[in-house]
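Here's the structure we're looking at; comments come further down.
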Amino acid sequence: DAKTTQPNSMESNEEEPVHLPCNHSTISGTDYIHWYRQLPSQGPEYVIHGLTSNVNNRMASLAIAEDRKSSTLILHRATLRDAAVYYCILRPNRDDKIIFGKGTRLHILP
Amino acid sequence: EPEVTQTPSHQVTQMGQEVILRCVPISNHLYFYWYRQILGQKVEFLVSFYNNEISEKSEIFDDQFSVERPDGSNFTLKIRSTKLEDSAMYFCASSSSGIGGPDTQYFGPGTRLTVL
Numbered sequence: 001d002a003k004t005t006q007p008n009s010m011e012s013n014e015e016e017p018v019h020l021p022c023n024h025s026t027i028s029g030t031d032y033i034h035w036y037r038q039l040p041s042q043g044p045e046y047v048i049h050g051l052t053s054n055v056n057n058r059m060a061s062l063a064i065a066e067d068r069k070s071s072t073l074i075l076h077r078a079t080l081r082d083a084a085v086y087y088c089i090l091r092p093n094r095d096d097k098i099i100f101g102k103g104t105r106l107h108i109l110p
Numbered sequence: 001e002p003e004v005t006q007t008p009s010h011q012v013t014q015m016g017q018e019v020i021l022r023c024v025p026i027s028n029h030l031y032f033y034w035y036r037q038i039l040g041q042k043v044e045f046l047v048s049f050y051n052n053e054i055s056e057k058s059e060i061f062d063d064q065f066s067v068e069r070p071d072g073s074n075f076t077l078k079i080r081s082t083k084l085e086d087s088a089m090y091f092c093a094s095s096s097s098g099i100g101g102p103d104t105q106y107f108g109p110g111t112r113l114t115v116l
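As they're listed, the protein sequences go chains A and B. Quick note on the working numbering: the first sequence kicks off at 1 and runs consecutively. Quick note on the working numbering: the second sequence kicks off at 1 and runs consecutively.
Next comes the structure, spelled out in structure tokens:
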């Protein structure tokens, strides 16, 4: 199993920020926190990853708790195109396969 | 932006037939993967491949499955004798470093396999 816990689904309004939570209380010191998303009828798509510090890229921001037992993916201004399943994944070093959980299905309301 | 491509987008086959799913990974990537997703279920790891060898395979990847990199660009998944339960979306992925951790995998759009 993916060793992460996410809500099954969330809703947000278009053009508003979205905060997607993830709990990973059994995270080990060398696990990276990755987020992927899967748009309808498409393959998974990398969003962002981090280890200890908060990270920003053109798609999103990743806020990591100080104890690393939880993290939050932040979409600053959701669009309809952001409707997807978002997966929070722990990736240890030297284990290159990705173990997907069920993720959070994000609905964006126009 | 470089991307992983897969062909065909949809393959329909009869039970017991052989199918080959094709992938063209990102050109400078060295690590290749196949995943599958049965309708309504999680994405599942099948196999990883590096340096012309299987690095790791899941219990799903039994003797009916094989992978090959027949030339410098293609990466294929063969199912020797398809079963109804092989019906799924099959995703190919590639990465540059294969070290897990900070590495990023890039996924193709998938091939939908329907076994009748």
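Idealized CB from N, CA, C, for every residue including glycine.
If residue i sits next to residue j, beta carbons under 8 angstroms apart, how far is it from one beta carbon to the other, in whole angstroms?
i      : j      : result
D95/A  : G98/B  : That belief does not hold up - the Cβ atoms of D95/A and G98/B are roughly 10 angstroms apart, past 8 angstroms.
V19/B  : Y33/B  : Not confirmed; about 18 angstroms, so no contact.
Y46/A  : R91/A  : Not quite, the Cβ-Cβ distance comes to about 11 angstroms (not below 8 angstroms), so this is no contact.
S95/B  : D103/B : 5 angstroms
T111/B : Y90/B  : 5 angstroms
Which residues share a DSSP beta bridge with residue i?
i      : result
T114/B : V12/B
Q41/B  : Q41/B pairs with nothing; no bridge assigned.
T5/B   : V24/B
G100/B : N93/A
F91/B  : Y35/B
I need the straight-line Cα distance from residue i to residue j, nearest angstrom please.
i      : j      : result
L106/A : E66/A  : 26 angstroms
Q38/A  : E14/A  : 18 angstroms
N8/A   : S61/A  : 21 angstroms
I54/B  : F61/B  : 11 angstroms
Y106/B : L113/B : 20 angstroms
D71/B  : P40/A  : 32 angstroms
T69/A  : L75/A  : At residue 69/A the sequence reads Lys, which differs from the Thr that was named. Roughly 20 angstroms separates the two Cα atoms.
T5/B   : P109/B : 7 angstroms
C92/B  : R36/B  : 9 angstroms
E68/B  : P25/B  : 13 angstroms
I want to verify the contact list: residues of chain A whose CB lies under 9 angstroms from the CB of residue i, in sequence order.
i      : result
T104/B : H34, Y46, H49
I want to verify the contact list: residues of chain B whose CB lies under 7 angstroms from the CB of residue i, in sequence order.
i     : result
H43/A : The amino acid occupying residue 43/A in the given sequence is Gly; His does not appear at that position. Result: F91, F107, G108, P109, G110.
D95/A : G100
Counting only Cβ pairs nearer than 8 angstroms, list the residues of chain B close to residue i.
i      : result
G101/A : K42
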